[in-house]
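The number in my numbering is simply the position in the sequence shown, starting from 1, with 24 added.
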Amino acid sequence: MKLLNKAAFFAAHDVRHEDVPVPQLDGAVRIRVMSGAARDAFQEYMRSFGDEPRPASAVHAALLVHTCIDEAGEPMFTMDDLDQLRTKSSAALDLMAAAAMRINGLGAAAVPDAEKNSASDQSDDSGSV
């Protein structure tokens with residue numbers, strides 16, 4: 025493996041994505057690996073709950089805001105879409121969030137207490153490592 029210089033480092037296309045079928049929506053969504061800044065924003069949102077329980081739908085919707093992109097690679101949602109995202113099928117949200125967690129290598133350790141403090145009794149089915 026070659027040693028990268030600064031120009032090669034910044035030119036590298038390291039933000040991978042995956043198209044995830046969502047049968048509940050009769051389509052697919054494109055989920056990407058979060059940039060460092062997107063992960064920071066997601067973690068800041070998680071910290072905003074303080075010691076309060078985090079509703080699973082809010083956690084999942086926020087994760088989708090930071091990982092779903094359109095065909096041009098632009099964010100599909102903003103935090104202004106959070107409440108509307110939460111109105112979608114919980115099965116669809118769970119499926120997409122599990123994919124986003126897997127793609128981003130997130131789990132209980134990376135998203136501190138997200139599921140443990142969730143208002144619902146969710147299991148960690150993310151399959152993340």
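Think of the CB as a built atom: it goes at the ideal place given N, C-alpha and C, for glycine as much as any other residue.
Query: Can you give the Cα-Cα distance for proline 99 and methionine 25, rounded to whole angstroms?; Result: 32 Å
Query: Check the C-beta distance from phenylalanine 17 over to valine 89 and give it rounded, since I have them as a contact under 8 Å.; Result: With the chain covering 25 to 153 only, the question about residue 17 has no answer from this structure.
Query: Which residues in the same chain have their Cβ closer than 8 Å to the Cβ of glycine 60, if we skip the five residues on either side of it in sequence?; Result: none
Query: Under DSSP, the alpha helix (DSSP H) around alanine 13 begins and ends at which residues?; Result: Only positions 25 to 153 of the chain appear in the structure, and residue 13 is not among them; the question remains open.
Query: So does the region 64 to 72 actually touch the region 48 to 56, counting three or more Cβ pairs closer than 8 Å?; Result: no
Query: Evaluate phenylalanine 66 with the Cβ neighbour count: other Cβ atoms within 10 Å of its Cβ, from every protein chain shown; 16 or more gives buried, anything less gives exposed.; Result: buried
Query: For aspartate 94, which residues of its own chain have a beta-carbon under 8 Å away from its beta-carbon, when the five flanking residues on both sides are left out?; Result: Arg54, Met100
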